[in-house]
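Protein chains in written order, with the working numbering: chain A, 117 to 245; chain B, 117 to 245.
Where is the CB? At the ideal position from N, CA and C, for every residue including glycine.
Just so we're clear, the structure is a prediction, and the values are computed from it rather than from any experiment.
The block underneath contains the structure these notes are about, expressed in C-alpha cells.
There are 2 protein chains.
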Amino acid sequence: MNYSRQRESIKEYLMSTKEHPTADVIYQHVKEAYPKISLGTVYRNLTLLVDLGEVRKISTGDGTEHYDADTSAHSHYYCRCCHRVMDLEVTPSVDQILAASSAGLGTIEIANLLFTGVCQSCLNEQSQK
Amino acid sequence: MNYSRQRESIKEYLMSTKEHPTADVIYQHVKEAYPKISLGTVYRNLTLLVDLGEVRKISTGDGTEHYDADTSAHSHYYCRCCHRVMDLEVTPSVDQILAASSAGLGTIEIANLLFTGVCQSCLNEQSQK
DNA sequence: TGTAAAACGATAATTATTCCTATTTTTATA
DNA sequence: TATAAAAATAGGAATAATTATCGTTTTACA
Numbered sequence: 117m118n119y120s121r122q123r124e125s126i127k128e129y130l131m132s133t134k135e136h137p138t139a140d141v142i143y144q145h146v147k148e149a150y151p152k153i154s155l156g157t158v159y160r161n162l163t164l165l166v167d168l169g170e171v172r173k174i175s176t177g178d179g180t181e182h183y184d185a186d187t188s189a190h191s192h193y194y195c196r197c198c199h200r201v202m203d204l205e206v207t208p209s210v211d212q213i214l215a216a217s218s219a220g221l222g223t224i225e226i227a228n229l230l231f232t233g234v235c236q237s238c239l240n241e242q243s244q245k
Numbered sequence: 117m118n119y120s121r122q123r124e125s126i127k128e129y130l131m132s133t134k135e136h137p138t139a140d141v142i143y144q145h146v147k148e149a150y151p152k153i154s155l156g157t158v159y160r161n162l163t164l165l166v167d168l169g170e171v172r173k174i175s176t177g178d179g180t181e182h183y184d185a186d187t188s189a190h191s192h193y194y195c196r197c198c199h200r201v202m203d204l205e206v207t208p209s210v211d212q213i214l215a216a217s218s219a220g221l222g223t224i225e226i227a228n229l230l231f232t233g234v235c236q237s238c239l240n241e242q243s244q245k
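Structure (C-alpha cells):
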C-alpha cells in the first residue's frame, strides 16, 4: 500500500474530532485542504482504514455509516433525535448500564451489543481449502 | 392503526425464524403467501413494527438492515464472512465475553455496544416547546 | 530520471430504501 | 348487510448511500 496525502488527511481529521462523522461530513472537511478530492476517494480510504483496523465503522441504522478513529475499547450512545453518536466509557455490566439510564445521558430505549468476527462454520470452510 | 394481512404475515414469518432476515429476504418469503405484495409494503410495515417495539432492527454495517421479532434482551454475533446474524445470550460482562472468544463461536474482532435513545440536549429542546 | 504499481478524480452504475398515487381493504356504523 | 371514511396496498418513480469504472496523476524505488 502506498502513501497518499488524501488518506493522511482523512485520518488526521478523524483523529481530531469526537463527532463520529459520516463519509459525507468527512468529505466536506477534507475538501478544504484538498478541494479536488472526490467522495469516492473518501469511501475507498475509509474502507481501507477500517480493514487495517485503524478506524472503526459505527452502524446506527440511521441510513449512513459513522466513522471513529478511536479504536480503543469503548461503546457508543446514539441519539435517534439529533443522530449524533457519543462516546461511552466501557462499563463492565450491561445490566448496570441499562439500570443507569438516569445518569444524565438521556433515555435508553435500545441497548444492542454486536460482536463481529468470523463464525465457526466459515472458519471450518476456510480451513478445508 | 388498522389490521393488515400483509403485516400479519411479515410478523408471523419473522417470529418463525431465527435467521434475522433482511427486508428483501422477508419480501421473498411473504410473497409465497401474497404474490402481489410489494417491497414497499414490507419496508413500511417493518418500520411500523420497529416503532411499535414489536420488532428489532439490527444494523451490522453490511449494507442492509436485519430484522428480529425476538425483542427479549439479547445480543448478536455477526459473521463478516457469511453475513449471518446469530443470537447470543445476554452475558453480564463485556470483558468476560471478549475473553471468551474461544467458546466455540468463532473469532471476535469487534465488540460494539450501542445504546439508542434521546439525548439530554434533545430532551431539553423538546421540553422548551 | 524512468517505469510499474498504486491511488486519484470524475462520473456512471448499483443497491437499499423511501415516496407517490390511484386502487383496494378494513372498520365503524347505520 | 350496505356504505362511507380512514388506512393500507401495489406498482413504480425518486432518492440517497455506496461502489465500480477508467483515463490520469502520484508514489516508490531501481
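Grab the span of the alpha helix (DSSP H) containing residue i for me, first residue to last.
{"i": "residue 192/A", "result": "That residue, residue 192/A, is in no alpha helix (DSSP H); its beta strand (DSSP E) goes 191–195."}
{"i": "residue 134/A", "result": "Counting along the chain, residue 134/A falls outside any alpha helix (DSSP H), and DSSP gives it neither H nor E."}
{"i": "residue 167/B", "result": "155–168"}
{"i": "residue 241/B", "result": "236–244"}
Can you tell me where the beta strand (DSSP E) with residue i in it begins and where it stops?
{"i": "residue 183/A", "result": "182–184"}
{"i": "residue 233/B", "result": "226–233"}
{"i": "residue 172/B", "result": "172–174"}
{"i": "residue 203/A", "result": "201–204"}
Report buried or exposed for residue i, applying the criterion of at least 16 other Cβ atoms within 10 angstroms of its Cβ.
{"i": "residue 123/B", "result": "buried"}
{"i": "residue 139/B", "result": "buried"}
{"i": "residue 228/A", "result": "buried"}
{"i": "residue 150/A", "result": "exposed"}
{"i": "residue 119/B", "result": "exposed"}
{"i": "residue 155/A", "result": "exposed"}
{"i": "residue 161/B", "result": "buried"}
{"i": "residue 188/B", "result": "exposed"}
{"i": "residue 167/B", "result": "exposed"}
{"i": "residue 121/B", "result": "exposed"}
{"i": "residue 191/A", "result": "buried"}
{"i": "residue 237/A", "result": "exposed"}
{"i": "residue 125/B", "result": "buried"}
Could you work out which residues of chain A lie near residue i, taking near to mean beta carbons separated by less than 7 Å?
{"i": "residue 177/B", "result": "173, 175, 181"}
State the CB to CB distance for the pair residue i and residue j, rounded to an integer number of angstroms; the pair is presumed to be in contact (CB under 8 Å).
{"i": "residue 233/A", "j": "residue 133/B", "result": "At roughly 22 Å, the Cβ-Cβ gap does not stay under 8 Å, so residue 233/A and residue 133/B are not in contact."}
{"i": "residue 176/A", "j": "residue 230/B", "result": "7 Å"}
{"i": "residue 198/B", "j": "residue 235/A", "result": "7 Å"}
{"i": "residue 147/B", "j": "residue 185/B", "result": "Contact doesn't hold; Cβ gap of about 18 Å is too wide."}
{"i": "residue 201/B", "j": "residue 182/B", "result": "5 Å"}
{"i": "residue 204/B", "j": "residue 193/B", "result": "5 Å"}
{"i": "residue 174/A", "j": "residue 145/A", "result": "Not a contact, Cβ separation roughly 18 Å."}
Mind listing the chain A neighbours of residue i? Cutoff is C-beta to C-beta under 8 Å, in chain order.
{"i": "residue 192/B", "result": "228, 229, 230, 231"}
{"i": "residue 223/B", "result": "233, 234, 239"}
{"i": "residue 200/B", "result": "235"}
Taking Cβ-Cβ distances shorter than 8 Å, what residues in chain B pair up with residue i?
{"i": "residue 123/A", "result": "Here the premise fails: no neighbours, minimum Cβ distance about 20 Å."}
{"i": "residue 196/A", "result": "232, 233, 234"}
Using DSSP bridges, identify the partner residues of residue i.
{"i": "residue 222/A", "result": "235/B"}
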